[in-house]
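> In this note's numbering, the protein residues as written are -15 to 129.
Next up is a structure, given as structure tokens.
Written out as structure tokens, the structure is:
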């Protein structure tokens, strides 16, 4: 890829990253950051696999943020990887999603290193934001006590 293309893409995705970061998600940008985070993960973690697609912008990110804002119980940690941007970090995070096909966007709730709830793209795309919010909040209620 050309440097001009890479720089262009960095600018295009910047607001997509910032939307989650502003809501206290920690970006994991390298496989090493993912590995370090996962090796030290305790309690529950919400992982958003971010993407440039419309269903990430209009559904996944807003639903994750709204669920956190509205829930009385929330995960201990919030992290995000960006599919198509930090490919290696995303691949490393997906290694922990045992039994789930790669999907972006997607939302996973982990207990330690184990996935206890997973929302793949097919359950995001074409759905209503409120249904996704309810799905996430129900997972919080069940797993984040």
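Idealized CB from N, CA, C, for every residue including glycine.
May I have the straight-line CA-CA distance separating residue 74 from residue 117, to the nearest angstrom?
Each residue's alpha carbon lies about 23 angstroms from the other.
> What does DSSP give as the partner residue(s) for residue 91 in the beta ladder?
Note: residue 91 sits in a beta bridge opposite 32 and 103.
> Flag this pair as touching only if the segment 8 to 28 and the segment 83 to 91 have three or more C-beta atom pairs under 8 angstroms; answer yes or no.
These segments do not touch.
> How about residue 43 and residue 113: do their beta carbons lie closer than 8 angstroms?
Yes, the Cβ-Cβ distance between residue 43 and residue 113 is below 8 angstroms.
> Would you call residue 122 buried or exposed, if buried means 16 or more other Cβ atoms sit within 10 Å of its Cβ?
With fewer than 16 other Cβ atoms within 10 Å, it is exposed.
> If I measure Cβ to Cβ from residue 49 and keep anything under 6 angstroms in the same chain, skipping five residues before and after, which residues do I get?
Once the five neighbours on either side are set aside, the close Cβ partners of residue 49 are 7.
> In the DSSP assignment, what residue or residues form a beta bridge with residue 64?
Note: residue 64 sits in a beta bridge opposite 11 and 32.
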